[in-house]
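First the structure, in the form of structure tokens, and then the observations on it.
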Amino acid sequence: MTADTTPDKAALRSWLPGFVALAAIWGSSFLFIKVGVEELHPLHLTLYRVATGAATLLVVLAVLRDRLPREPRVWAHLVVVAAFGVSVPFTLFGFGEQRVESMLAGIWNATTPLIVLPLAVLVFRTERLTVRAAVGLGLGFLGVLVVLGVWEGVGGAHFVGQLMCFGAAACYGVAIPYQKKFIAGSAYSGLSLSAAQLLVATAQLAVVGPLVAGAPPVPADLSLPVLGSVVALGALGTGLAFVINLRNIRVAGASTASTVTYLIPVFAVLIGALVLGERLNWHQPVGALVVLLGVAVAQGLIGRRRPRPTVGAGAPAVPAVEPVAR
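Here is the structure:
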């Protein structure tokens, strides 16, 4: 399945429920991260989340009689993609949400395409920089400065937390063009590659986590809210969400499915406000709108060019077509 062969027109009722469900799942991931880091070190939270997601996708693989990649070359590239597409960004969001609101982390996740494009153009040479894309990038980074509130000065835990969330989005910016250049042409399905990616990330975290944060706690010792957050992040946000996204791509088309990027921060803000009682400063949602406008311009959603799929709320970085995170 590719963006060129997937249909872009379908009855609204056939794909809209899955589209909204996906945005809600990925948008709520930031709430679950916020709850999880109350008791778990961010590395431990990411380890449990990724291991649960890997187990979920392995079950789906077995049901569909698909298989994991067998080529050593693919696994070698997945080590890089797993690090920059899962292990590091998921952990950075955890560290970031120890310092900032979950809704603000959701806003920073939407900046991913602003990192993807320049790296794809300058480093991986998988894209060309057009005037429209350059204008979109300019608008997007103006929005980043507004979200940061740079006129208020820099420094402090809150500012550092925002930089960590932005760093997580930047990691996706490395993983996405990397996988497009080195993995996207393989014969394996997106489900197979994502399951393998999560297995590699689980191994990475199982080694690094105890060295940095000590032995992870026994799941039975966690409170029910934290344990439920881990399961939701892994089974839903990292497992089931991938299956839903593949269906959205198949039914609605890659271009339509990719626009879920614009709904994820909306759900993150709503859920953070309603469940956790969080509040934003005026410049943060304003900056978020400028960021999304810049992304829309850069991707061609505003104009003649069709949008490219992007990344959403912490999703694995290797689906069947171009990646969709969170």
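Here full-length UniProt numbering is used: position 58 in the sequence shown is 58, and no number is missing along the way. Just so it is clear, CB atoms sit at the ideal spot from N, CA and C, and this is done for glycine as well. In this text the structure is predicted, and so the values were computed from the model without any measurement.
Pair within 9 Å by beta-carbon distance, residue i and residue j
{"i": "G209", "j": "L43", "result": "yes"}
{"i": "L139", "j": "P118", "result": "no"}
{"i": "A168", "j": "P225", "result": "no"}
{"i": "G27", "j": "P177", "result": "no"}
{"i": "G237", "j": "F32", "result": "yes"}
{"i": "L199", "j": "I183", "result": "no"}
{"i": "residue 363", "j": "T256", "result": "Residue numbering for the chain in the displayed model covers 1 to 326; residue 363 lies beyond these limits and cannot be assessed."}
{"i": "Y172", "j": "T112", "result": "yes"}
Between the CA atoms of residue j and residue i - distance to the nearest angstrom
{"i": "L64", "j": "F19", "result": "22 Å"}
{"i": "A241", "j": "S229", "result": "15 Å"}
{"i": "G36", "j": "P72", "result": "35 Å"}
{"i": "L270", "j": "V147", "result": "17 Å"}
{"i": "R13", "j": "C165", "result": "35 Å"}
{"i": "V251", "j": "T46", "result": "31 Å"}
{"i": "V86", "j": "A201", "result": "7 Å"}
{"i": "S102", "j": "K181", "result": "32 Å"}
{"i": "E38", "j": "V59", "result": "30 Å"}
{"i": "A298", "j": "D221", "result": "47 Å"}
{"i": "A268", "j": "A288", "result": "12 Å"}
{"i": "T126", "j": "V174", "result": "12 Å"}
{"i": "V212", "j": "A196", "result": "24 Å"}
{"i": "P216", "j": "G239", "result": "22 Å"}
{"i": "A206", "j": "T91", "result": "13 Å"}
{"i": "residue 327", "j": "L68", "result": "Residue numbering for the chain in the displayed model covers 1 to 326; residue 327 lies beyond these limits and cannot be assessed."}
Alpha helix (DSSP H) segment containing residue i, residue limits
{"i": "V88", "result": "88-97"}
{"i": "N109", "result": "102-109"}
{"i": "I249", "result": "241-252"}
{"i": "S14", "result": "12-36"}
{"i": "T56", "result": "42-64"}
{"i": "R132", "result": "131-148"}
{"i": "V266", "result": "264-276"}
{"i": "T202", "result": "190-213"}
{"i": "L237", "result": "A small correction: the amino acid at residue 237 is Gly; Leu does not occupy that position in the sequence shown. Note, G237: premise wrong, no alpha helix (DSSP H); not H, not E."}
{"i": "T112", "result": "112-122"}
{"i": "V286", "result": "283-299"}
{"i": "V226", "result": "224-231"}
{"i": "F182", "result": "156-182"}
Any non-hydrogen atom of the ligand ZN closer than 8 Å to residue i Cβ
{"i": "L224", "result": "Absence of the ligand ZN is noted for the structure shown, with no ligands found whatsoever."}
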